[in-house]
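Visitor: If you're matching positions, the sequence shown starts at 198 in our numbering and goes up one per residue.
Ideal Cβ placement from N, Cα and C applies to all residues, glycine included.
I'd like to ask some things about the structure below.
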Amino acid sequence: MAQQQLVVDELIGDARRTTGLERFDSDSFREGLEIFVADVNRSQPPQTAIERLRGAVVGALAGRLKTTAYLEQRPELLQRPIERPVFVFGIPRTGTTLLSNLLAADPARRSPLTWEIDDPVPPPAKDALYTDPRALARLETERQMLAARPEMGRYYRGSAIYPNECMFFMQHDFKALIWESRGKLPNYRDWLFQADVSSTYRYHKRFLQLLQADAPGNWNLKMPSHGLWIQTLLAVYPDARLIWTHRDPLTATGSFCSIIALSHQAFTAKVDLEWLGENCAWQARQHAERIMDARDALGEERIIDVHYANLARQPIETMRALYQALGDEFTAQAEAGMRAWLADNPQDKFGRHEYKLAQYGLSPSKVEALLERYLSRYEVEREG
């Protein structure tokens, strides 16, 4: 039997049939989709992987169709501002998730939650962000999954009612590292790292304007790779507040390899450990270099630093200092929310995430050499 392949126009047609919707707000997604599909087909994944990838692509396209249709029904939403949003970024696996969850625990703040990113139409009411039937259904599914496979909790501290990364809606524009993580896709990766992602950040804003339709607030946003495109981000959100998380890059790089290995296993049924080591270490360096370059251009004070070691050891004190740097009030309600979240999510709640650099053909000296500029500039507490 001939190897089946993904076909761009068929994927778009499937999304239209699935949703009953025809119109995209723009075709800015098409170039990235075509490059991604070509790279997937070149890699010749097994048929099960093709089907899984087809589902992921059609889901992303369907999300964009639904977003477009809803905003056409309520065009006034596109006039509503997004003021002083907070963006958290850094080398992958440096504590961005922990920081994002603590920010979201403040009832005065607004974060895009996992369930509403996945099912944004109709957008939630403010008093139902955590009780919407869609959220409750997701929580029950999540409970069953964790009961069946509790070890999955080691890798990512997530939940239907926790904040999730912007990549889960930025993927609708097909310029996002989530697509690169679906397999060994060097052509897509190289294209993405030099692509103009202006359309992606414009879409990012549209998506937030949809989510805040009936549940407005001061947005907190998180994705490590925001650090790759800070100048583009600021062109769309000029008053954004920027936070850079720091962690021992040897620990972070090993964890990064491990988490991407899980994605490769899920989407391709094979893992090239040497490629993962080379690619993840290269990407870690790209994140560090581009953030440092942006800081040099914007000024040292434009980006706020948060060190994972401090956040893990003294979370409330570190958050209080962060709020002062942001110019926000650290209220009793914020502190209570954070303490409650920490009590419910002790470190290693589901067991420890184990990984070693050597699994991926890496050594401490090799990672240190790649990140020499970063390590010489920042005093990051080592964990080895």
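Verify whether the separation of the beta carbon atoms of D316 and R340 is less than 7 Å.
Guide: Their beta carbons are not under 7 Å apart, which means D316 does not touch R340 by this criterion.
Visitor: Just to confirm, are N417 and R306 a CB contact at a threshold of 7 Å?
Guide: In this structure, R306 lies closer than 7 Å to N417 by Cβ.
Visitor: Leaving out five residues before and five after V577 in sequence, what residues of the same chain have Cβ atoms less than 6 Å from its Cβ?
Guide: The answer, listed in chain order, is H443, D445.
Visitor: Three or more C-beta pairs under 8 Å: does that hold for the stretch 271 to 279 against the stretch 392 to 410?
Guide: Yes, since at least three Cβ pairs between the stretch 271 to 279 and the stretch 392 to 410 fall closer than 8 Å, the two stretches touch.
Visitor: Let's test the definition: count the other Cβ atoms within 10 Å of the Cβ of G548 and tell me whether it reaches 16, buried, or not, exposed.
Guide: Caution applies to G548, whose pLDDT of 44 falls short of 50 and renders its modelled position unreliable; the value that the coordinates give is listed next. With fewer than 16 other Cβ atoms within 10 Å, it is exposed.
Visitor: Look up I500 in the DSSP assignment and give the residues it is bridged to.
Guide: I500 is bridged to L439.
Visitor: So T293 and P421 are in contact, right, with Cβ under 8 Å, and what is the actual spacing, rounded?
Guide: Right, the Cβ-Cβ distance comes to about 6 Å (below 8 Å), so this counts as a contact.
Visitor: Where does V204 land, buried or exposed, given buried means 16+ other C-beta within 10 angstroms?
Guide: Answer is exposed; the Cβ neighbour count stays below 16.
Visitor: What residue range is occupied by the uninterrupted beta strand (DSSP E) comprising W416?
Guide: Segment 415 to 419, the beta strand (DSSP E) holding W416.
Visitor: Anyone know if the C-beta pair for H423 and F284 falls short of 7 Å?
Guide: Result yes, Cβ atoms of H423 and F284 sit closer than 7 Å.
Visitor: In the stretch 301 to 364, which residue ranges form an unbroken alpha helix (DSSP H) of at least 4 residues, counting only runs that do not cross its ends?
Guide: Counting only runs of 4 or more, we get 311 to 315, 330 to 345.
Visitor: With F371 as the anchor, note down where its beta strand (DSSP E) starts and where it stops.
Guide: Note, F371: premise wrong, no beta strand (DSSP E); not H, not E.
Visitor: Would a C-beta distance cut-off of 7 Å place G380 and T245 closer than the cut-off?
Guide: No, the pair does not count as a contact, with Cβ atoms beyond the cut-off.
Visitor: Can you give me the start and stop residues for the alpha helix (DSSP H) that V285 sits inside?
Guide: Element bounds for V285: not the alpha helix (DSSP H) but the beta strand (DSSP E), 283 to 286.
Visitor: Roughly how many angstroms lie between the CA atoms of Q202 and P242, to the nearest whole one?
Guide: If you take the alpha carbons of Q202 and P242, they lie about 9 Å apart.
Visitor: Considering only the alpha carbon of each residue, which of N476, S308, W479 lies closest to Q406?
Guide: If we check each option's Cα against that of Q406, S308 comes out closest.
Visitor: Do A531 and D303 come within 7 Å of each other at the CB atom, strictly closer than that value?
Guide: Yes, they are a contact pair.
Visitor: Closest to D387 by C-alpha separation, out of M367, R213, I513, Q480, would be which residue?
Guide: Ranking the options by Cα distance to D387, first place goes to Q480.
Visitor: Rounding to the nearest angstrom, what Cα-Cα distance links M198 and F453 in this structure?
Guide: Residue placement at M198 is poorly supported in this model, since its pLDDT is 48, which falls under 50; the coordinates still yield a value, given next. Going by the C-alpha atoms only, they are around 36 Å apart.
Visitor: Between which two residues does the alpha helix (DSSP H) carrying P383 extend?
Guide: Run containing P383: 383 to 391, per the alpha helix (DSSP H) assignment.
Visitor: If you draw a straight line from the alpha carbon of H550 to that of N298, how long is it in whole angstroms?
Guide: With a pLDDT of only 47 at H550, under the threshold of 50, the placement of this residue in the model should not be trusted; the figure read from the coordinates follows. Roughly 19 Å between the two C-alpha positions.
Visitor: Need the endpoints of the alpha helix (DSSP H) that F464 sits in, please.
Guide: Segment 446 to 465, the alpha helix (DSSP H) holding F464.
Visitor: The alpha helix (DSSP H) with P289 in it runs from where to where?
Guide: Where P289 is concerned, there is no enclosing alpha helix (DSSP H), given that its DSSP letter is neither H nor E.
Visitor: Give every residue of the same chain whose Cβ lies closer than 8 Å to the Cβ of K263, excluding the five residues on either side of it in the sequence, and list them in chain order.
Guide: Answer for K263: T216, L218, P317, V318, listed in chain order.
Visitor: If you check the beta carbons only, do S395 and D370 fall under 7 Å apart?
Guide: No, the Cβ-Cβ distance between S395 and D370 is not below 7 Å.
Visitor: Distance, Cα to Cα, T528 vs F221?
Guide: Distance between the alpha carbons of T528 and F221: 42 Å.
Visitor: For the alpha helix (DSSP H) that contains E532, what are its first and last residues?
Guide: Taken as a continuous stretch (DSSP letters only), the alpha helix (DSSP H) holding E532 covers 529 to 541.
Visitor: With a cut-off of 8 Å, do at least 3 Cβ pairs link the stretch 266 to 275 to the stretch 428 to 440?
Guide: No, the stretch 266 to 275 does not touch the stretch 428 to 440.
Visitor: For F404, tell me which candidate among V254, A357, R261 has the shortest Cα-Cα distance.
Guide: Selected option, being the one with the closest Cα: R261.
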